[in-house]
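For the sequence shown, my numbering gives the first residue as 50, with consecutive numbering after it. A short write-up of the structure that comes next.
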Amino acid sequence: MKRINLVFATGPLTGSGAPCSSRVNITSLSTFTKGNLVVDAHMGGFFAAQMKFAGYDVIIIEGKAKSPVWLNIKDDKVSLEKADFLWGKGTRATTEEICRLTSPETCVAAIGQAGENLVPLSGMLNSRNHSGGAGTGAIMGSKNLKAIAVEGTKGVNIADRQEMKRLNDYMMTELIGANNNHVVPSTPQSWAEYSDPKSRWTARKGLFWGAAEGGPIETGEIPPGNQNTVGFRTYKSVFDLGPAAEKYTVKMSGCHSCPIRCMTQMNIPQVKEFGVPGTGGNTCVANFVHTTIFPNGPKDFEDKDDGRVIGNLVGLNLFDDYGLWV
């Protein structure tokens, strides 16, 4: 696999502050299909924005290092550093070690033990919780590349800021809101003819905005056309794992310049007995509920709903830290 290139590419709006623009596309050849088809993976988080802030649209990885290395990029300064002390560690420990050596502002895309051992469905993580799969972790591992660390201080220049703001406003009120909220909200709304609880896009229930005009109104009310009222919050943990997840939710989080905060920061002290941190983020991996790692699934727990949440955080910590993807 040393002859297979690995291409990290951003888009023209990345780093500009345009909504939902902090994506990096990772293109390579497949590690898990016959014929090495061209595949691509995607990562959110802050990696793409830091690439642009450092002055790069694309990073291309070629060849193979003789021993484990990590790529250190800060603006125009680029170097390969020894990574023997990182080899064998998970993605989170790798990220923490590199940030200690560089800066807390550094964004690290790292592989775990799965990528090191060339597992075909391995991926990489950046910003601790944002993953890219499609076997890209195995490609990095085959090159002895443990991680790529990027920090940029240059920023992105906007030619016409007023026009950019107008387009951002249009996107947030007419495009994103329309797609995710206006058509079918998840709860009954005064402005909507229909609602469907299976709709992914929802706001937290039971909270009220006391200072609202004509208020107080429940914050679950998300009438369209106004950035102050359109609800971009997905409350993803509850959608994925059920109502029990609400009591463990600390806050919603998300990628650079994205108003849809679809990652949930959770605090579940009970999981420490399984050897994983009590805090973590609810990522896409939560769709594959990990209660199967317990002999009796959720029935292992006194509260079955709690069991789904606990099993999820244990499972996604292992998946994310080893750098696995499906």
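Yeah, the Cβ is synthetic: ideal placement off N, Cα and C, and Gly gets one too. In this text the structure is predicted, and so the values were computed from the model without any measurement.
I need the DSSP call for residue i, collapsed to helix, strand or coil.
i: residue 53; result: coil
i: residue 90; result: strand
i: residue 12; result: An answer regarding residue 12 cannot be provided, because it is not within the stretch 50 to 375 covered by the chain.
i: residue 109; result: strand
i: residue 75; result: strand
i: residue 238; result: coil
i: residue 314; result: strand
i: residue 309; result: coil
i: residue 300; result: strand
i: residue 367; result: helix
i: residue 390; result: With the chain covering only 50 through 375, there is no way to say anything about residue 390.
i: residue 233; result: coil
i: residue 394; result: Lying before the first or after the last residue shown, residue 394 is absent from the chain, which here runs from 50 to 375.
i: residue 218; result: helix
i: residue 65; result: coil
i: residue 321; result: helix
i: residue 81; result: coil
i: residue 245; result: coil
i: residue 276; result: coil
i: residue 95; result: coil
i: residue 225; result: helix
On the DSSP bridge assignment, give the partners of residue i in chain order.
i: residue 206; result: DSSP output for residue 206 lists no bridge partner at all.
i: residue 329; result: 315
i: residue 196; result: 119, 159
i: residue 373; result: 171
i: residue 58; result: 74, 107
Got a sec? Which residues, its chain only, sit under 6 angstroms from residue i by beta carbon, not counting five neighbours each side?
i: residue 179; result: 92, 93, 94
i: residue 248; result: 233, 235
i: residue 111; result: 54
i: residue 237; result: 244
i: residue 157; result: 144, 147, 196, 198
i: residue 362; result: 317, 320, 329
i: residue 137; result: none
i: residue 76; result: 56, 89
i: residue 294; result: 286, 287, 358
Quick one: residues in its chain with C-beta nearer than 7 angstroms to the C-beta of residue i, no 5 flanking neighbours on either side, listed in chain order?
i: residue 59; result: 73, 97, 100, 101, 106
i: residue 202; result: 102, 124
i: residue 241; result: 234
i: residue 300; result: 314
Can you list, in chain order, the residues of its chain with a C-beta nearer than 8 angstroms to that of residue i? Leave out the 5 residues immediately preceding and following it.
i: residue 79; result: 85, 86, 87, 88, 183, 184
i: residue 276; result: 218, 221, 222
i: residue 118; result: 129, 130, 131, 132, 193, 194, 195
Which residue spans inside the segment 117 to 193 form an unbroken alpha helix (DSSP H) run of at least 4? 140 to 150, 162 to 165, 185 to 191
For the segment 313 to 327 and the segment 157 to 175, state whether three or more C-beta atom pairs, one from each stretch, are separated by less than 8 angstroms. Segments in contact, no.
Say whether the segment 206 to 224 touches the segment 125 to 145, bearing in mind that this needs 3 or more beta-carbon pairs closer than 8 angstroms, one atom from each stretch. no
When the Cβ atoms of the segment 158 to 171 are set against those of the segment 307 to 317, are three or more pairs found closer than 8 angstroms? no
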